[in-house]
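Right, one structure below, let's go through it.
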Amino acid sequence: GMALGHHYLDQGFFTAVFEDNVRDIGPATTLAKLYLYTNTTGYRDLMDTYILFGDPFMKLNLPACDAADFDNDGQITVVDIMKVAARWNARWGDPDYSRTYDLTDDGQITVADVMEVASHWRETCEAP
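So in the numbering used here, spot 105 of the sequence shown is number 121, and the numbers just go up one at a time.
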């Protein structure tokens, strides 16, 4: 039974990182627990034992191209640039703000974040 519960946690973590582009380990861990909670009524004890030891804001060490490939198609295109631009002027605490799109990690989505994505224009990445 416990291995199946851990499978839900693994799926949630994988989805957060490789489909939702979560790049901080703390939020990815929390989303793994949420995945477990919303997809099964069992294994709730794992939510208390699946603990992150360390800095929750530690960024996953992914190549820059992968960090800017928001639609996970393996290439930086106008779609990726538009995903960041759509959150223009969002700041920490705003509903539109997400650290995923804050590539400069300064608490706000600005032209610097858009330019960071644009600097990887047409680069290819390994698709997850």
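The C-beta atom is built at its ideal place from N, Cα and C for all residues, glycine as well.
Contact between G123 and W108 is confirmed by a C-beta separation of about 4 angstroms, below the 8 angstroms threshold.
Sixteen is the threshold: since fewer than 16 other Cβ atoms of the shown chains lie within 10 Å of the Cβ of T140, the residue is exposed. Just measuring C-alpha positions, the residue of D40, M63 and I41 sitting nearest Y51 is M63. Contact between R138 and D40 fails: their C-beta atoms lie close to 27 angstroms from each other, not under 8 angstroms.
Between the region 22-42 and the region 61-75 there are three or more C-beta pairs closer than 8 angstroms, enough to call the two in contact. For a cut-off of 8 angstroms, the C-beta gap from A19 to A32 is around 20 angstroms, too long to register as a contact.
As a beta-bridge residue in DSSP terms, Q91 pairs with T140.
Taking the Cα positions, A83 is about 25 angstroms away from H23.
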